[in-house]
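Chemist: Those letters in the sequence shown? Residues 1 to 394, per UniProt numbering, in order.
The beta carbon of each residue, even a glycine, is placed where N, CA and C say it ideally should be.
Shown below is the structure under consideration.
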Amino acid sequence: MQPVLGQTSLLFIRAAQQLHKLMLPRQRQGAFLQVVTPVVIQDLGLASAPKPLKPKKPKGHTEKVKHFVDYKRLVVRGGSGGDGCMSFTSLYRKEFAGPDGGNGGNGGHVIFQASSNCKSLAHLKSVITAESGMKGATRMCHGRNAEHTYIEVPPGTIIRRESAESVGNLDKVGEICIVARGGAGGKGNYFFLTNENRAPAKAELGAKGQEERLRVELRTMAHAGLIGFPNAGKSTLLRAISRARPKVAAYPFTTLNPHVGIVEYDDYEQVAVADIPGLIKGAHQNRGLGISFLRHIQRCACLLYVLDLSSGEPWTQLQDLRFELEQYEPGLSQRPHAIVGNKVDVEGAQDVLAELQAHVDLPVFAVSAKYRTGIEPLLDHLRELYDKHAGKGT
Numbered sequence: 001m002q003p004v005l006g007q008t009s010l011l012f013i014r015a016a017q018q019l020h021k022l023m024l025p026r027q028r029q030g031a032f033l034q035v036v037t038p039v040v041i042q043d044l045g046l047a048s049a050p051k052p053l054k055p056k057k058p059k060g061h062t063e064k065v066k067h068f069v070d071y072k073r074l075v076v077r078g079g080s081g082g083d084g085c086m087s088f089t090s091l092y093r094k095e096f097a098g099p100d101g102g103n104g105g106n107g108g109h110v111i112f113q114a115s116s117n118c119k120s121l122a123h124l125k126s127v128i129t130a131e132s133g134m135k136g137a138t139r140m141c142h143g144r145n146a147e148h149t150y151i152e153v154p155p156g157t158i159i160r161r162e163s164a165e166s167v168g169n170l171d172k173v174g175e176i177c178i179v180a181r182g183g184a185g186g187k188g189n190y191f192f193l194t195n196e197n198r199a200p201a202k203a204e205l206g207a208k209g210q211e212e213r214l215r216v217e218l219r220t221m222a223h224a225g226l227i228g229f230p231n232a233g234k235s236t237l238l239r240a241i242s243r244a245r246p247k248v249a250a251y252p253f254t255t256l257n258p259h260v261g262i263v264e265y266d267d268y269e270q271v272a273v274a275d276i277p278g279l280i281k282g283a284h285q286n287r288g289l290g291i292s293f294l295r296h297i298q299r300c301a302c303l304l305y306v307l308d309l310s311s312g313e314p315w316t317q318l319q320d321l322r323f324e325l326e327q328y329e330p331g332l333s334q335r336p337h338a339i340v341g342n343k344v345d346v347e348g349a350q351d352v353l354a355e356l357q358a359h360v361d362l363p364v365f366a367v368s369a370k371y372r373t374g375i376e377p378l379l380d381h382l383r384e385l386y387d388k389h390a391g392k393g394t
């Protein structure tokens with residue numbers, strides 16, 4: 001059975017026949033048929049099911065949280081010098097005009113410069129190579145000297161060789177330290193021209209740049225460091241007092257790298273607080289995350305012991321933390337510090353808090369990092385520690 005055309009389709013078909021008789025330009029015919037064809041197909045009932053369209057809007061990208069880097073091992077190489085050129089010129093009516101090889105350019109240095117534009121060592125590459133000098137050319141053209149490679153590092157950066165020998169300390173903004181020197185450019189054969197040797201047939205190769213294996217570390221990572229056992233709520237507390245966004249989860253060792261957040265005050269002063277990965281018993285023997293994270297604590301001016309009030313005896317946590325710090329470096333646990341009792345919102349935490357205050361001789365700041373209760377007194381005390389022990393004037 002053939003489909004029956006509707007009145008609308010017949011009108012469009014007749015219009016198409018008239019269009020063919022008028023012999024309109026092809027572009028106008030094509031535009032007309034693009035309108036006519038879908039109407040006729042829909043009228044005949046031959047139209048297929050509508051197809052979904054793919055989204056054209058770009059998808060959102062979640063930015064990866066950047067952790068703080070305060071220690072890095074890297075290799076630096078100075079640029080090689082350019083080779084000298086060996087060439088003999090030949091001029092009009094003077095076939096043997098003599099040597100004209102130019103000298104090579106000097107290689108660039110690798111220079112570390114203290115700058116306030118960076119706070120971490122995360123931007124440093126594992127291998128840093130300076131630019132090499134250009135080769136010499138004929139007609140006594142000397143090669144171009146390479147530009148020096150400047151690497152910005154935060155103030156307070158300490159640079160050492162693998163043998164622990166000190167290379168430089170960059171304490172103030174603008175100070176520089178040349179960590180790898182570039183090689184000298186080679187001499188061309190014109191350089192060796194003398195009265196005794198009018199046709200020197202030798203040229204020098206450019207010297208190789210200096211190569212060094214360095215250990216770069218920061219003297220101070222943050223003004224205050226959050227110290228505690230795994231799952232004590234250090235990352236949650238840092239999220240509550242700053243705009244830092246470390247990972248938070250209900251399993252131990254969620255934080256594997258230190259994160260630094262900035263606490264701002266209304267007098268435009270900023271205090272840096274570091275979230276140190278959790279410590280366990282025997283950390284000074286390289287257990288758990290080991291000695292490398294005890295090194296982070298060494299670079300904090302003040303300490304905040306974060307204790308879990310949901311555990312049975314939080315004062316034992318404080319004793320174990322102090323013991324680990326003393327075993328790593330005597331006197332480290334005696335730095336200016338405060339005690340923070342976290343998870344005060346948990347049932348029974350108030351009774352544990354009273355027992356904790358009876359076992360310690362310092363005031364305990366009871367907070368709930370999850371619900372952000374008790375944060376204001378802690379930040380006020382943090383500012384007092386900063387002004388007294390870690391401020392600009394100390």
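Rounded to whole angstroms, what's the CA-CA distance from C300 to D267? Just pull it up for me.
Modeler: Within the sequence shown, residue 300 is the residue found at index 300, counting from 1. Within the sequence shown, residue 267 is the residue found at index 267, counting from 1. One C-alpha to the other measures close to 23 Å.
Chemist: Should G348 go down as buried or exposed, given a rule of 16 or more other Cβ atoms within 10 Å for buried?
Modeler: Sequence index remark: in the sequence shown, residue 348 carries index 348 (1-based). Exposed: under 16 other Cβ atoms inside 10 Å.
Chemist: Just how far apart, CA to CA, sit G278 and F112?
Modeler: Taking the sequence shown and counting its residues from 1, the one referred to as residue 278 is at position 278. Taking the sequence shown and counting its residues from 1, the one referred to as residue 112 is at position 112. In a straight line, the C-alpha of G278 is about 33 Å away from that of F112.
Chemist: Just list the alpha helix (DSSP H) runs in the stretch 347 to 389, keeping only unbroken ones of 4 residues or longer that don't cross its boundaries, in chain order.
Modeler: The stretch 347 to 389 contains these whole alpha helix (DSSP H) runs: 349 to 359 and 375 to 385.
Chemist: Hey, which unbroken runs of the alpha helix (DSSP H) at 4 residues or more fall wholly within the stretch 73 to 100?
Modeler: Runs of the alpha helix (DSSP H) inside the stretch 73 to 100: none found.
Chemist: Tell me the DSSP secondary structure of Q210 in three-state form.
Modeler: The residue you call residue 210 lines up with position 210 of the sequence shown. Coil, per DSSP.
Chemist: Counting only the same chain and skipping the five closest in sequence on each side, list residues whose C-beta sits under 6 Å from that of S80.
Modeler: As a position in the sequence shown, residue 80 is number 80, starting the count at 1. Closer than 6 Å at Cβ, skipping near neighbours: G107, S132, G183, G206, K208 and G209.
Chemist: Compute the distance between the beta-carbons of D171 and K234, then report whether it is under 8 Å.
Modeler: Position 171 of the sequence shown, counted from the first residue, corresponds to residue 171. Position 234 of the sequence shown, counted from the first residue, corresponds to residue 234. Not a contact, by the Cβ cut-off of 8 Å.
Chemist: For my contact list, L309 and L379 are in at a C-beta cut-off of 8 Å; report their separation, rounded to the angstrom.
Modeler: Counting from one through the sequence shown, the residue named residue 309 turns up at place 309. Counting from one through the sequence shown, the residue named residue 379 turns up at place 379. Not quite, the Cβ-Cβ distance comes to about 19 Å (not below 8 Å), so this is no contact.
Chemist: Look at the alpha carbon of G185 and the alpha carbon of Y92, and state the distance between them as a whole number of angstroms.
Modeler: The count along the sequence shown starts at 1 and reaches residue 185 at position 185. The count along the sequence shown starts at 1 and reaches residue 92 at position 92. Each residue's Cα considered, the two are about 31 Å apart.
Chemist: Flag this pair as yes or no: are the beta carbons of G98 and G136 separated by less than 8 Å?
Modeler: Your numbering for residue 98 matches position 98 in the sequence shown. Your numbering for residue 136 matches position 136 in the sequence shown. No, they are not a contact pair.
Chemist: Do you know offhand how far R213's Cα is from V127's?
Modeler: Mapped onto the sequence shown, residue 213 falls at position 213. Mapped onto the sequence shown, residue 127 falls at position 127. Cα-Cα distance, rounded: 9 Å.
Chemist: Out of curiosity, what's the CA-to-CA distance linking P154 and L121?
Modeler: Locating residue 154 in the sequence shown gives position 154, counting from the first residue. Locating residue 121 in the sequence shown gives position 121, counting from the first residue. The alpha-carbon atoms of P154 and L121 are separated by roughly 8 Å.
Chemist: Please work out which residues of its chain come closer than 6 Å, Cβ to Cβ, to G188, disregarding the five sequence neighbours upstream and downstream, and give them in chain order.
Modeler: For this step, residue 188 is matched to residue 188 along the sequence shown. If we look at G188 and ignore the five residues flanking it on each side, its Cβ neighbours are G84, C85, G101, G102, N103, G136 and A203.
Chemist: Return the first residue and the last residue of the beta strand (DSSP E) that R161 is part of.
Modeler: By one-based count along the sequence shown, residue 161 stands at place 161. Taken as a continuous stretch (DSSP letters only), the beta strand (DSSP E) holding R161 covers T157 to R161.
Chemist: Have a look at the DSSP bridge pairing and note the partners of F112.
Modeler: As a position in the sequence shown, residue 112 is number 112, starting the count at 1. Partner(s): I151 and C177.
Chemist: Taking just the CA atoms, how far does Y305 sit from V360?
Modeler: Taking the first residue of the sequence shown as position 1, residue 360 is located at position 360. Taking the first residue of the sequence shown as position 1, residue 305 is located at position 305. Straight-line Cα distance between these residues: approximately 12 Å.
Chemist: According to the neighbour-count rule (16 or more other Cβ atoms, all chains shown, within 10 Å of its Cβ), is A201 buried or exposed?
Modeler: Taking the sequence shown and counting its residues from 1, one reaches residue 201 at position 201. Counting Cβ neighbours within 10 Å, A201 comes out exposed, since fewer than 16 surround it.
Chemist: Classify H123 as buried or exposed, calling it buried when 16 or more other Cβ atoms lie within 10 Å of its own Cβ.
Modeler: Within the sequence shown, residue 123 is the residue found at index 123, counting from 1. Exposed, by the Cβ-count rule.
Chemist: A222: which of L53, G82 and D70 sits nearest, CA to CA?
Modeler: As a position in the sequence shown, residue 222 is number 222, starting the count at 1. Of the candidates L53, G82 and D70, the one whose C-alpha sits nearest the C-alpha of A222 is D70.
Chemist: According to DSSP, what are the bridge partners of Y71?
Modeler: Numbered from its first residue, the sequence shown carries residue 71 at position 71. Note: Y71 sits in a beta bridge opposite E217.
Chemist: Work out the CA separation of M134 and F192 for me, nearest whole Å.
Modeler: As a working mapping, residue 192 is identified with position 192 in the sequence shown. As a working mapping, residue 134 is identified with position 134 in the sequence shown. Going from the Cα of F192 to the Cα of M134 covers about 20 Å.
Chemist: Can you say whether R181 is buried or exposed, counting buried as having 16 or more other CB atoms within 10 angstroms of its CB?
Modeler: Counting from one through the sequence shown, the residue named residue 181 turns up at place 181. Looking at its Cβ environment, which holds 16 or more other Cβ atoms inside 10 Å, R181 is buried.
Chemist: Which of the three DSSP states is assigned to I128 in this structure?
Modeler: Counting from 1 along the sequence shown, the entry for residue 128 is found at position 128. Three-state DSSP puts I128 in a strand.
Chemist: Put Y305 into one of helix, strand or coil per three-state DSSP.
Modeler: Walking along the sequence shown from the start, residue 305 turns up at place 305. Y305: strand per DSSP, three-state reduction.
Chemist: How far does the beta strand (DSSP E) with I227 in it extend, from its first residue to its last?
Modeler: Translated into the one-based positions of the sequence shown, residue 227 becomes position 227. From DSSP, the beta strand (DSSP E) with I227 extends over A222 to I227.
Chemist: I need the boundaries of the beta strand (DSSP E) containing A274, first residue and last residue.
Modeler: Here residue 274 is taken as the residue at index 274 of the sequence shown, counted from 1. Note, A274: beta strand (DSSP E), Q270 to D275.
Chemist: Tell me the rounded alpha-carbon separation between G225 and A114.
Modeler: Along the sequence shown, read from residue 1 onward, the residue named residue 225 stands at position 225. Along the sequence shown, read from residue 1 onward, the residue named residue 114 stands at position 114. In a straight line, the C-alpha of G225 is about 23 Å away from that of A114.
Chemist: Apply the 10 Å Cβ neighbour rule to L362 and answer buried if 16 or more other Cβ atoms are within range, or exposed otherwise.
Modeler: Start at 1 with the first residue of the sequence shown, and residue 362 comes out as number 362. With fewer than 16 other Cβ atoms within 10 Å, it is exposed.
Chemist: Return yes when the Cβ of R372 is within less than 8 Å of the Cβ of A240, no when it is not.
Modeler: For the purposes of this step, residue 240 is taken as the residue at position 240 of the sequence shown. For the purposes of this step, residue 372 is taken as the residue at position 372 of the sequence shown. Yes, they are a contact pair.
Chemist: Does the separation of the CB atoms of G105 and H142 fall below 8 Å?
Modeler: As a first step, residue 105 must be located in the sequence shown, where it is residue number 105. As a first step, residue 142 must be located in the sequence shown, where it is residue number 142. Yes, the Cβ-Cβ distance between G105 and H142 is below 8 Å.
Chemist: Going by C-alpha distance, which of V273, K119, F323 and K370 is nearest N231?
Modeler: Stepping through the sequence shown from its first residue, residue 231 is reached at position 231. Nearest of V273, K119, F323 and K370 to N231, Cα basis: K370.
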